[in-house]
Ligand SMILES: C[S@@+](CC[C@H](N)C(=O)[O-])C[C@H]1O[C@@H](n2cnc3c(N)ncnc32)[C@H](O)[C@@H]1O
């Protein structure tokens, strides 16, 4: 379960603003598997409403999708009822640190924007992350491919224009994300060989909605990025009133453009790939 987000409520609006950004990089990574892509069995760890599963199912043989939130799983299962009936996807209510699968079950594992929801202790070297990667190593076949869709510290600092409205929450979110160097170290300690890091530069996690300068005024829009769940009431009120003032003085578009300027150089997410030793 997310340690700070109410996904039961968010499952109702999540798909309004979320896209499977980076999916083709993940497909390319899975193509390195010893098993032909179309025959691969893949785990989607923390599948949410199933956007990545649905897109990945166009390329791989079968997916086991796991999440702990019943609301998210229900939306995903509804969306993929036909694939479920065809036996190409199955959904499981479980924690990603204790997976209901035998050793060496999977050719590939993907985890998309989930790790920062773990209740973890950065000062102690992210033990909860380690537990999850040990579990992935257990359920992957030797040579199996791990794909981690996450964000770099730089992307979190400069890749999201609205984070500048809410600096305290943005800091709190950044502290929840393990830096990419730490993840690479965790990979090797958990039985993986780190293979690559790729950042798509042309896409926003919230899709077209991200570019709406008045988006943060709308609760459904804010629900599309969990940073807003870390915003206290005072910070939120200050942010929204600043945005309204910028709008009233005709400066809002310039504000957005200025704070979005680096996104096209660094992207919003990074896809890390690793191979099970
Ligand atoms: C930001 S959403 C990402 C969903 C999906 N991967 C996507 O990118 O669209 C995070 C998801 O991780 C799930 N989650 C968080 N911690 C979990 C855990 N320990 N075990 C299983 N699921 C977890 C949440 O319930 C939520 O659905």
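In my numbering, the protein residues as written are 1471 to 1747. Glycine included, every Cβ here is placed at the ideal spot set by N, Cα and C. In this text, all values refer to a predicted model and were calculated from it rather than measured experimentally.
For the 8 Å CB-CB criterion, residue 1492 and residue 1619 form a contact. Secondary structure at residue 1616: strand, using DSSP grouped into helix, strand and coil.
For ligand 1, the residues with a Cβ under 5 Å from any of its heavy atoms are, in chain order, 1472, 1477, 1516, 1518, 1521, 1537, 1538, 1539, 1542, 1565, 1566, 1582, 1583, 1584 and 1587. Excluding the 5 residues flanking it on each side, residue 1728 has no same chain C-beta neighbour closer than 7 Å. Measuring C-alpha to C-alpha distances from residue 1585 to each of 1646, 1747 and 1484 identifies 1646 as the nearest. For residue 1596, there is no enclosing beta strand (DSSP E), as DSSP marks it with neither H nor E. Excluding sequence positions up to five before and after residue 1519, its CB lies within less than 8 Å of the CB of 1481, 1484, 1485, 1488, 1542, 1545, 1546 and 1549, all in the same chain and listed in chain order. Counting only residues of its own chain and dropping the five nearest sequence neighbours on each side, residue 1505 has a CB closer than 7 Å to the CB of 1577.
Annotation note: the segment 1604-1689 contains the following uninterrupted alpha helix (DSSP H) runs of length 4 or greater, listed N- to C-terminal: 1623-1628, 1637-1646 and 1650-1659.
Closest in alpha carbon position to residue 1709, among 1634, 1664 and 1669, is 1634. Exclusion of the five residues before and after residue 1553 leaves 1527 and 1559 as the residues of its chain whose Cβ lies within less than 7 Å of its Cβ.
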